[in-house]
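**Q** Residue numbering for the sequence shown is -26 to -1, 1 to 966, as defined by mature numbering (1 follows the signal peptide of the UniProt record, and there is no 0).
Cβ atoms here follow ideal geometry from the backbone N, Cα and C, with glycine treated the same way.
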Amino acid sequence: MTSREETTNMPVVLLLLVLLPLIVYGKESTRCGFKSCPVSKKNLINVHLVPHSHDDVGWLKTMNEYYYGTSTNIQRAHVESIMDTVVEELLKDERRRFVYVEMAYFSLWFNRQKPEMQETVRKLVKEERLQFAGGAWTANDEATVHYQSVIDQFTLGLQFLSETFDKCARPRVGWQIDAFGHSEQMSSILAQMGYDGQFFARVDFEEKEGRMNNRSAEMIWQASASQDERSEIFSSILYKHYSAPIGFCFDILCTDDPIVDDNNELNNVEDKVDQFIDYIIGMSEHYRATNLLVPMGDDFHYMVAARNFKNMDKLINYVNARQVNGSYVNIFYSTPGCYLQALHRAQLTWPTNTQDFFPYADKPHAYWTGYFTSRPTFKYFIRLGNHFLQVVKQLTALSKLHNIPDAMSNLSKLKQSLGIMQHHDAITGTCKKHVVNDYTRILSSALTSAEHTAKMALQKLTSLKTGEFVSCFQLNISICEFTQNRPNNLLVTVYNPLTRATKQYVRIPVPRGYYMVKDFQGNAVKSQLVPLPEELIALKYLRPNLTQYDLVFEADVAKLGHYHIKSTNRNSEPQNLSVDSEMKELSKEPHGEMVGNSLVKLFFDNNGFLWKVEMNGISANVSQKFLFYEATKEGDKQTSGAYISAPPIQGANIRSFKIDLKIYDGPLVKEIHQHFNNWTSQVIRIYEGVSRVEFEWLVGPIPIGDRLGKEVVTVFSSDIRNQEIFYTDSNGREMIHRKRNDTKEIPGNYYPITGRIVLEDDKKRMTLLNDRAQGGSCLGDGTLELMLHRRLLHDDSRGLGEPLNDTTVARGKIYLILNPADNDTATEERLIQQELHLPVWLFFSRSFQNINSTVNANFSSLPEGIEVLTLEPFTSLKSLLRLENMFDKSSITFNLKPFLMSLKAEKIHETTIDGNMLLKDMKRLKFQKDEKPVKNLEYYTAKHRPLEEKLKAKNKKFEITMEPMQIRTFILTHKNFDVEDIQLYANRYQPF
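(1) Take residue 161 and list the residues in its own chain whose beta-carbon comes closer than 6 Å to its own, dropping the five residues that flank it on each side.
(2) Just the C-alpha distance for residue 26 and residue 94, rounded to the nearest angstrom, thanks.
(3) Rank 410, 419, 357 and 736 by C-alpha distance to the C-alpha of residue 384 and give the top, closest one.
(4) Tell me the DSSP bridge mates of residue 735?
(5) Compare the C-alpha of residue 211 against each of 221, 267, 477 and 249 and name the closest.
(6) Measure the alpha-carbon distance for residue 213 versus residue 345 and round it to whole angstroms.
(7) Which word fits residue 529, buried or exposed, when buried means at least 16 other C-beta atoms lie within 10 angstroms of its C-beta?
(8) Terminal residues of the continuous alpha helix (DSSP H) containing residue 879?
(9) To the nearest angstrom, report how far apart residue 664 and residue 574 are at their CA atoms.
(10) When the Cα atoms are used, what is the spatial distance from residue 600 to residue 441?
(11) Rounding to the nearest angstrom, what Cα-Cα distance links residue 729 and residue 861 in this structure?
(12) Considering just the uninterrupted stretch of the beta strand (DSSP E) at residue 172, what are its terminal residues?
(13) Assess, as a yes-or-no matter, whether the region 720 to 727 is touched by the region 746 to 766 under the definition of 3 or more beta carbon pairs within less than 8 Å.
(14) What ranges does the beta strand (DSSP E) occupy inside the region 799 to 863, keeping only unbroken runs of at least 3 residues that lie completely in it?
(15) Among 38, 21 and 286, which residue has its Cα nearest to the Cα of residue 254?
(16) Considering only DSSP beta bridges, list what residue 479 is partnered with.
(17) Inspect the beta-carbon positions of residue 658 and residue 733 and report whether they are closer than 8 Å.
(18) By the three-class DSSP mapping on this structure, what secondary structure does residue 744 have?
(19) Assuming residue 692 is part of the alpha helix (DSSP H), what are its boundary residues?
(20) How about residue 444 and residue 456: do their beta carbons lie closer than 8 Å?
(21) Closer than 8 Å is the cut-off here; do at least three beta carbon pairs connect the region 612 to 620 with the region 333 to 350?
(22) Under the rule that 16 or more other beta-carbon atoms within 10 Å means buried, what is residue 400, buried or exposed?
(23) Have a look at residue 84 and residue 77 and give me their C-alpha separation to the nearest angstrom.
(24) Sort out for me which residues DSSP pairs residue 329 with in a bridge.
(25) Identify, in the order they occur along the chain, each residue of the same chain with its Cβ nearer than 6 Å to the Cβ of residue 240, setting aside the five sequence neighbours on each side.
(26) How would you write the range of the beta strand (DSSP E) that residue 512 sits in, first residue to last?
(27) Count the other CB atoms, across all protein chains shown, that sit within 10 Å of the CB of residue 298; report buried if there are 16 or more and exposed otherwise.
(28) Could you compute how far the alpha carbon of residue 542 sits from the alpha carbon of residue 463?
(29) What does a CB cutoff of less than 7 Å around residue 112 pick up in its chain, not counting 5 residues either side in sequence?
(30) Could you tell me which residues DSSP pairs with residue 20 in its beta bridges?
(31) Using DSSP with H/G/I as helix, E/B as strand and the rest coil, what is residue 667?
(32) Residues in its own chain within less than 7 Å of residue 795 by CB, not counting five upstream and five downstream?
(33) Counting Cβ pairs closer than 8 Å, one from the region 323 to 339 and one from the region 898 to 909, do we hit at least three?
(34) Indicate the three-state DSSP secondary structure (helix, strand or coil) for residue 210 in the structure shown.
(35) For residue 609, is the classification buried or exposed, using 16 other Cβ atoms within 10 angstroms of its Cβ as the cut-off for buried?
(36) One question on the structure: do residue 973 and residue 689 come within less than 8 Å of each other, judged by their Cβ atoms?
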C-alpha cells in the first residue's frame, strides 16, 4: 500500500467507465467474517460508506414512544419503521449494507416478526448485509457506569444474538459514537470480548483538532496499566461526528437535496460528485490510510430507508464513474468491521494512547462534566438495581432455578431493565423529566419481579418454606414498610454477595422501643438504637414518620445468615436489649470536641466543623465543608445544564453554610449530626472496629428563590501536599493518574468518579469512596471535591430542550480513609470499594422459628483476592461464572476444581469476557505500533491455554493463574437437574 502522501500525487489512473461500483466481493459471499467484505483497490482512496441509525433508548421520548413512533410533537422518531424499511431495502440489492447497535430495540422488533420474516433477517445477517456493531443491550455511557453493569449488558445483548442467529451475527467492533467522552475500562472490556477495534465521535474539540492535524485520530489504545498488550484496542475517531457529510444527508429528517439524475433543469449529479470528492480529498489529509470510513446516518434515520439507499446507490455509481476521468476515489457500501480489516491488511503503523478521553468539551468553556452528577437520586437507584441484580443472579444459580420459567423470566426482566439504564442518556441524567420517570417505572417494576425470584430461591435454600423474604428498596432514606410498625418476631435474612465472609453493620428502620437481636443459634447480638436525623424526619412528603430510629447491629455472614428481632419491654433481659444512643452536647472548649472509638478519632472545632482525623496510625488536618457554584445565564455565554457544567469563568461564586451540631454516642456507632441550612445536612459516623469514616449527606430541594441555579459540592481539605497529582477510578476499576491544570477553568479539571478518588504525598494518603457516580476533582493541593447535586434553571443548548430543574432530595454516602502512603493500602482500598459496592442485602420475613440454610457452594476454596464477579444461570443446564483478580500488582495461582465441584458442574469451557464466544475461537486483529513495525499480519489470541475440561479430569488440569486485574469467564455445564424435585418445588411455590 502506498503512503497517503504518495497517493495524493499519483498519476492519473485510466479506468473503464462503469455504472456500478467496482468492488470485488469474495466468492463465498454467504460465509460470514471478512470473506464478505468488499476488497479495497490499490492506488485509490477507498471510501467505506457505512449506513447506520443511532437510536437512543430513551432521551426526548421514552423507549416505547421511540419504538412505536408516538409523541411526534416532541420528536419524529419511529424505530419500528426503521427496521421494517431497512430490511425491505437490503433485499433489493446485495451490495447494500446496514449497521445496527441497540439490542433492546432490535430484539423487540425481531421477536414481533412472523417466522418468514425472521428467516429472511437471518439470511441477511448470515451474509453480513445486516451487521451489528457494539451488540450490547444499549449504547452505554462511559463516565457514570460501573464496569460490572457494562459487562452484564454486553453479555445480555450478545447472548440474544448468539441464540437468535449463528456466529455471523457477533459484532467485531465497538460503536460508541455518542458517548460524552471515553473510558479506559470500556476499551479494555471491548478488547477482552475479542473486538478488533472501536469507533467514537465525541472527543474534546482541542484534542480532536490536534489529532486531525498530526494524523493521530486513529491509534492503538493501551487501555490497562496492569494488563499486557492484549488489553490494547485499535480506536478510530470519526472525522465529522457520526452524521453524513454536509450536503449528503438523504434522510427524510434532513433538508439536503437528493441526487437528481434525470435530464432536466434539476439535474445536480456533477455538483454532488464534485462536492463529495472534495470532501474525501480534504478528509484524506487527516488520516494515514488510503481507506476512509464515512458514516451515513444519524439519530433515528432510515424511517423511510428507500430514500437513503436510492441516493447512496446513485452517489456510489456516479462517484466511481469519475475514475475514467482520473478520479482516484473509490466508494462502496461497507461496515466498520470491513474497514478495520482493510486497515489491518495495509500493514501501516499507528501511534499509541495511554490516557482516557475525559473531560469532553465541544467548544471553549463548554465542558460536559455536569452529567457526571446530574440526577443523583436516579444514579443511586441504578446502582441499587445492580446490587440487587447480582444478589438475585447468585441466589438463582445457587438454588438451581435454571428450569423454572417464572424465576428466569423475572430475572431476565431485571437484566434488561438494568441494560436500558446504562444508556448514555439514562444513567447520565441527560433526558427529559418524563423519560426519567419512565426509566424509574421500568426499573421499579423489574425489581419487584426479581424479588419474586429471590423469594423462590430463598425458600428453596432455607428451611423457611413460607417465608416472605421481602426486600426494602428505600433503606437509603430509612424506609421499610415491613418494619415500620413495631417489628416483633422479625426474621432478617442477610445475603453476602461477596466471595469472602464478611462482618458488616446493618441498619433497620424501626419505631422507638426495646428490641432484642439474636443470631440463628439463639445467641444475643449487641445492638444499638440510633435516632434518625431531624432533617430526614422533617421530609413528611417523602417518607412516613412511623420509623424515627435505626436499629444497628453487626452481621457476621459467610454467604447466608439469619437474625431474629423481637420487640420487648424494658424489664425483659436488659443485658440483651438495644442500647440507646446517648446525646452529648458540643463542648465549648477552644478545641471543640473529640469523638472516637478504638480505631478512629474525629476532632471538631467549637463551631462544629471537622478539623482533624486520626486513623491507621496517621494523623492529618482534614476539614470538610459544603459549597455551591452559582449557575447563571448571561447573554450568549455558555450556561450549566444537564450535560455541561459552566460556572462563571472569572472565579465561581461560592457560598459557605452555617452549622449546628449534635453528637450521639454508643458502643457500636457514634454519630455527629450536622445541620448547615434548611436544605443541607449531614451525619458523620464511625463504627466500632471499622477503619473508615462515613459521611451521609442530605441535600435538597435546592432552593431557587434567588432565581439562580446551583451546583452543590463538598470539599475535603487536608495538609497532604500532593503537588497537583491525584487519582480517579475508571468505571470502578483501575486508577488513573491525573494532574490538575491551572490554565483550565474548574469544569476542565473535573473527572467522573464512579467509586474512588485519591491523593497522597510521600507519607499520607487520603481516599474518598462514593455510593454512585459523581463529578470530582482536586482543585488545590490537599483537597478533594465531589459534586453532590445540581438544580439548574436554563438549558445548556445540547438538544435536551429543558433545564435540569431537579427538585429531588438526595441522600448519599461518602467514605473517608486515611492511610500511610504505600502500595498495600491501595490494595486494601480496592477490597473496601468492592464491599461498599456490594454490601450485604437484607430480606425480611415474619417468623421467629429456628432456621437453617443449605448453600453448598465452596466460596472459601477461592484464594484471597479472587472475587466471583458473576454467578448466574445462563441456559437451562448452564451457569455463567466470572472470576476477577482484585489486585493490580499480584498474579494468583489456584486450583478451581473444588469450587466447580461444589457448584455441581460437569464440564467447563472458558469464554471471552461476555460469555458468548469460546476463548479458543477468539482471534482479533493486531495493529502495529509506530515504534514496532512488522512485515507480517498479526492477530491476538488467548495468552493462556483456555480451560476446557470435564470435571472428571485430573485435578492438576484445573490449576489456573490469574494475572493482575484479570477477569476470566467460564460456562459451566451441569448434570440434569432432578426433574421430580423441580416439579415438586414448582407445585409448592405460591406466587405473590
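**A** Well, looking at it:
(1) The sequence position of residue 161 within the sequence shown is 187, counting from 1. So the list reads 195, 197 and 207, once near-sequence residues are dropped.
(2) Taking the sequence shown and counting its residues from 1, the one referred to as residue 26 is at position 52. Taking the sequence shown and counting its residues from 1, the one referred to as residue 94 is at position 120. If I take the Cα positions, the gap works out to 19 Å.
(3) Within the sequence shown, numbered from 1, the residue matching residue 384 stands at position 410. Among 410, 419, 357 and 736, the Cα nearest to that of residue 384 is on 419.
(4) The residue you call residue 735 lines up with position 761 of the sequence shown. Bridge partners of residue 735: none, in fact.
(5) If you number the sequence shown from 1, residue 211 lands on position 237. Comparing Cα-Cα distances from residue 211 to each of 221, 267, 477 and 249, the minimum goes to 267.
(6) The residue given as residue 213 occupies position 239 in the sequence shown. The residue given as residue 345 occupies position 371 in the sequence shown. So the two alpha carbons sit approximately 25 Å from each other.
(7) As a first step, residue 529 must be located in the sequence shown, where it is residue number 555. Residue 529 is buried by the Cβ-count criterion.
(8) Indexing the sequence shown from 1 puts residue 879 at position 905. From DSSP, residue 879 is part of no alpha helix (DSSP H) but of the beta strand (DSSP E) over 879 to 885.
(9) Against the sequence shown, residue 664 aligns to sequence position 690. Against the sequence shown, residue 574 aligns to sequence position 600. Approximately 8 Å, taken between the alpha carbons.
(10) Taking the first residue of the sequence shown as 1, we reach residue 600 at position 626. Taking the first residue of the sequence shown as 1, we reach residue 441 at position 467. Cα to Cα, residue 600 sits roughly 45 Å from residue 441.
(11) Working through the sequence shown from its first residue, we reach residue 729 at position 755. Working through the sequence shown from its first residue, we reach residue 861 at position 887. Whole-angstrom Cα-Cα distance: 16 Å.
(12) Indexing the sequence shown from 1 puts residue 172 at position 198. 171 to 174 is the span of the beta strand (DSSP E), which, as asked, contains residue 172.
(13) yes
(14) 815 to 820, 840 to 849 and 852 to 859
(15) Numbered from its first residue, the sequence shown carries residue 254 at position 280. Considering only alpha carbons, the answer is 21.
(16) For the purposes of this step, residue 479 is taken as residue 505 along the sequence shown, with counting starting at 1. According to DSSP, residue 479 bridges with 528.
(17) Here residue 658 corresponds to residue number 684 of the sequence shown, with the count starting at 1. Here residue 733 corresponds to residue number 759 of the sequence shown, with the count starting at 1. Cβ atoms of residue 658 and residue 733: not closer than 8 Å.
(18) Locating residue 744 in the sequence shown gives position 770, where the first residue counts as 1. Of the three classes helix, strand and coil, the one that applies to residue 744 here is strand, per DSSP.
(19) Locating residue 692 in the sequence shown gives position 718, counting from the first residue. Where residue 692 is concerned, there is no enclosing alpha helix (DSSP H), although the beta strand (DSSP E) it sits in stretches over 683 to 692.
(20) On the sequence shown, residue 444 is found 470 positions in, with the first residue counted as 1. On the sequence shown, residue 456 is found 482 positions in, with the first residue counted as 1. Yes, these two residues count as a Cβ contact at 8 Å.
(21) yes
(22) As a first step, residue 400 must be located in the sequence shown, where it is residue number 426. By the neighbour-count rule (16 or more Cβ atoms within 10 Å), residue 400 is buried.
(23) Along the sequence shown, one-based indexing puts residue 84 at 110. Along the sequence shown, one-based indexing puts residue 77 at 103. Cα to Cα, residue 84 sits roughly 10 Å from residue 77.
(24) In the sequence shown, residue 329 corresponds to position 355, counting from 1. Residue 329 is not bridged to any residue.
(25) Along the sequence shown, read from residue 1 onward, the residue named residue 240 stands at position 266. If we look at residue 240 and ignore the five residues flanking it on each side, its Cβ neighbours are 234.
(26) Taking the sequence shown and counting its residues from 1, one reaches residue 512 at position 538. Run containing residue 512: none; DSSP gives neither H nor E here.
(27) For the purposes of this step, residue 298 is identified with residue 324 of the sequence shown, where counting begins at 1. Residue 298 comes out exposed.
(28) Translated into positions along the sequence shown, residue 542 becomes position 568. Translated into positions along the sequence shown, residue 463 becomes position 489. Rounded to whole angstroms, residue 542 to residue 463 spans 10 Å at the Cα level.
(29) Residue numbering aside, residue 112 sits at position 138 when the sequence shown is read from its first letter. Excluding sequence neighbours, residue 112 sits near 31, 76, 78, 127, 393, 394, 396 and 397.
(30) Working through the sequence shown from its first residue, we reach residue 20 at position 46. Looking at the DSSP assignment, residue 20 forms a beta bridge with 265 and 304.
(31) Along the sequence shown, one-based indexing puts residue 667 at 693. Residue state, collapsed to three classes: strand.
(32) On the sequence shown, position 821 is the one that residue 795 refers to. Closer than 7 Å at the Cβ level, and outside the excluded window around residue 795, lie 734, 735, 736, 737, 738 and 739.
(33) yes
(34) Within the sequence shown, residue 210 is the residue found at index 236, counting from 1. Here residue 210 sits in strand by DSSP.
(35) Counting from one through the sequence shown, the residue named residue 609 turns up at place 635. When all chains shown are included, residue 609 counts as exposed.
(36) Residue 973 falls outside the range modelled here, since the chain spans only -26 to 966, and no answer is possible.
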